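S.K.: If you read the sequence shown in the numbering used here, its first letter stands for residue -2, the second for the next number, and so on.
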Amino acid sequence: MAHDAHEVKKEMVAIYPKKLGKKRAEQIVVTELGPDGAVPEIKANVRTSPGIITQRGCAYAGCKGVVIGPSRDILSITHGPIGCSFYSWLTRRNQTRPPTDSDPNFINYCLSTDMSEQEIVFGGEKKLKAAIKEAYDAFHPKAIAIFSTCPVGLIGDDVHAVARQMKEELGINVFGFSCEGYRGVSQSAGHHIANNQLFKHVVGLNELTHEEKFKINLLGEYNIGGDSFVIEDLFQRCGIKLIATFSGNSDYDSMANSHTADLNLVMCHRSINYVAEMMEKKFGIPWLKINFIGAAATAKSLRKIAAYFDDAELKARVETVIAEEMPKVDVVLQNVKPRCQGKTAMLFVGGSRAHHYQVLFNEMGMEIVAAGYEFGHRDDYEGRKVLPTIKVDADSKNIEEIEVRPDETRYVPRLRPERKAQLTDPELEFQDYVGMMPEMEDGTLVIDDISHHETERLIALYKPSIFCAGIKEKYAVQKMGIPCKQLHSYDYGGPYAGFEGAINFYREIDRMVNMKVWSLLKAPWQTFEPQPESAPVAAD
Ligand code: CFM
């Protein structure tokens, strides 16, 4: 990389008006790891300025689409105009697998109250009640979730009051979300709102007990492209009992039963750390950050679980699985590495993948030249140690903070001081996430909420071998002659988690960065020859 990242940053922000340029400059940093492990401060989780083309989504997307959507038997009803529901229908590749064909799976359905002018003017609660009743009669679900779109908040429909009434009337669990799209500054607000309601209305309602010794929950894994299936298989082979996943391949009962686990594993910190924190306070379940993206990261995460339970048999089983899988991974890695080594990648994705996928590229010998989140917070960049210094602004105050206390009968601290003292493995950093920046090379660009202008400048200057983003960016990037891998939906591919996923990813990236077609591609304007001005037409 021949460019000085500081100069590139200056060039990128120069085009903006002064005030905006100053703000963007605080959201773009060049990594530098201090001797004490400190990284530069980045501005994050702030409003996107008007006029900027951002990658971000809305709170409704974060709540309905991301956190609750993957659960197959909670019937989701969008309270709002039809477009909100229709355009959030099946847009995320979260897969699910009901145990039998007769078990419910509502993921394929699109339910909406279809608010029209009548409801916007006179209120929509009556229509919402009727919709819940109609949905209940058609599907008989165990639980119904109601999602608020922007107009619901504007006209003041009380979805929570309607939920309470219908819960009583129907005798099933009905709960609402005040996840109007305008709340917060991005979909991140929707994650928090979803976490709060899941915790208040679902977690702890199912008291089924389990005999297994090693009981865990997997938080923040959404089964995009089948990732959860791969991870579930690994747990099963290691003898680890998965009580609930939030919320890939999940169902209502398992999440209601999740307080019976003895350890929470946090995969995507951004979208679910609130549930992890609340479960620790109420039920005494500690949490560990893990990562199943990357073969070495998968092995490390399995070893962390074994170290936590500190059981010889479990440790042996984990080592057996790693020993079975690693050689298969190595064969493919050794094959692709000579063709991929030294190539460059940029990653601009949501709130955790821009970090996790760096691991896979590094395994292939590729260099990350720039990365950033759409909506991560400072702790996702700099690590949770900065949490006490984060200023809570008006947009965050908008979101409810639940006060959680230990449950009177069910609080069982799994990590009593004497047990914690026995767990000496240095990898067991409880309640911690180090963030993206400390694990990056010095001198790399980190850009929060990247704009389209900045994307184009980055590509023009660095010409990366591959750019990772989403569907909104994909074709603009490819028109510039650079392959774009969608790290949200995985395009049509995946799974990319675990050992099997690493193999799939190596092959896919090898194919993309070595395809000759990109070097042959020229946009029409690059070959456009201006025509000589036509002679003026004589006015006679
Ligand atoms: Fe977490 Fe996600 Fe992500 Fe996310 Fe998302 Fe997603 Fe994502 Mo798209 S929960 S933050 S809100 S890992 S949908 S599965 S890919 S932006 S990086």
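All residues carry an ideal CB built from backbone N, CA and C; glycine is no exception.
Values in this document were obtained by computation on a predicted structure and should not be read as measured data.
Is the Cβ-Cβ distance between L311 and A303 less than 9 Å?
M.R.: Yes, these two residues count as a Cβ contact at 9 Å.
S.K.: Just to check, is the beta-carbon of R381 closer than 8 Å to a non-hydrogen atom of ligand 1?
M.R.: Answer for R381: no, Cβ out of range of ligand 1.
S.K.: By the DSSP assignment, the alpha helix (DSSP H) with H3 in it spans what residues?
M.R.: Residues A2 to A11.
S.K.: Looking at the secondary structure, which residues open and close the beta strand (DSSP E) in which F232 lies?
M.R.: F232 -> not in any beta strand (DSSP E); alpha helix (DSSP H) instead, spanning D224 to C235.
S.K.: Looking at C-beta atoms only, is the number of pairs between the region 428 to 448 and the region 13 to 30 that lie closer than 8 Å three or more?
M.R.: Yes, they touch.
S.K.: Any chance you could list the alpha helix (DSSP H) runs of at least 4 consecutive residues sitting entirely within the region 126 to 163, in chain order?
M.R.: With a minimum length of 4 residues, the continuous alpha helix (DSSP H) runs that stay inside the region 126 to 163 are 147 to 152.
S.K.: Whole-angstrom Cβ separation of A342 and L455, contact assumed at under 8 Å?
M.R.: A342 to L455, Cβ: 12 Å. No contact.
S.K.: What first and last residue would you give for the beta strand (DSSP E) that runs through N173?
M.R.: Residue 173 is actually Gly in this sequence, not Asn. Segment N170 to F174, the beta strand (DSSP E) holding G173.
S.K.: Per DSSP, A342 is paired with what?
M.R.: A342 pairs with I365 and I463.
S.K.: Which residues share a DSSP beta bridge with K212?
M.R.: The partner list for K212 (beta bridge, DSSP) reads K238.
S.K.: Where are the beta strand (DSSP E) runs, 3 residues long or more, that stay fully inside the region 48 to 119, in chain order?
M.R.: With a minimum length of 3 residues, the continuous beta strand (DSSP E) runs that stay inside the region 48 to 119 are 71 to 76.
S.K.: Have a look at M361, T386, G150 and T93 and flag the residue whose alpha-carbon is nearest the alpha-carbon of I506.
M.R.: Measuring from the Cα of I506, the nearest candidate turns out to be M361.
S.K.: Check whether the Cβ of E371 lies closer than 8 Å to any heavy atom of ligand 1, and answer yes or no.
M.R.: For ligand 1, at least one heavy atom lies less than 8 Å from the Cβ of E371.
S.K.: Is any non-hydrogen atom of ligand 1 found closer than 8 Å to the C-beta of H207, if you look at the structure I gave you?
M.R.: For ligand 1, not one heavy atom lies less than 8 Å from the Cβ of H207.
S.K.: Determine the direct distance from the alpha carbon of H353 to that of F464, and round the result to whole angstroms.
M.R.: Approximately 15 Å between the Cα atoms of the pair.
S.K.: Mind checking whether R411 and I282 have CB atoms under 9 Å apart?
M.R.: Yes.
S.K.: Judging by CA-CA distance, which residue of A273, I500, V443 and Q475 is the nearest neighbour of I39?
M.R.: Nearest C-alpha to I39: V443.
S.K.: Kindly indicate the opening and closing residues of the alpha helix (DSSP H) around I542.
M.R.: Because the chain is modelled from -2 through 537, residue 542 falls outside the range shown and cannot be assessed.
S.K.: Here's the rule I'm using: 16 or more other beta-carbon atoms within 10 Å means buried, otherwise exposed. How should F83 be labelled?
M.R.: It is exposed - the Cβ of F83 has fewer than 16 other Cβ atoms within 10 Å.
S.K.: Which of the three DSSP states is assigned to E274 in this structure?
M.R.: Helix, per DSSP.
S.K.: Taking DSSP as the reference, what is the three-state secondary structure of N554?
M.R.: Since the first residue of the chain shown is -2 and the last is 537, residue 554 is not available in this structure.
S.K.: Assign H374 to one of two classes, buried (16 or more other C-beta atoms within 10 Å of its C-beta) or exposed (fewer than that).
M.R.: With 16 or more other Cβ atoms within 10 Å, it is buried.
S.K.: Does the structure place the region 86 to 96 close enough to the region 120 to 130 that three or more beta carbon pairs sit under 8 Å?
M.R.: Touching, no, given that fewer than three Cβ pairs across the two stretches are closer than 8 Å.
S.K.: Identify the continuous alpha helix (DSSP H) that holds Q184 and give its terminal residues.
M.R.: Q184 to H198 is the extent of the alpha helix (DSSP H) around Q184.
S.K.: Below 8 Å on the Cβ atoms is my contact criterion, and I expect N91 with G245 to pass it. Report the Cβ-Cβ distance as a whole number of Å.
M.R.: That pair is a contact at about 6 Å.
S.K.: Do the CB positions of V263 and F196 come within less than 9 Å of each other?
M.R.: No, they are not a contact pair.
S.K.: Can you give me the C-alpha to C-alpha distance between A328 and V514, rounded to a whole angstrom?
M.R.: Residue 328 is actually Val in this sequence, not Ala. Going by the C-alpha atoms only, they are around 27 Å apart.
S.K.: In whole angstroms, what separates the C-alpha of T93 from that of R350?
M.R.: The alpha-carbon atoms of T93 and R350 are separated by roughly 21 Å.
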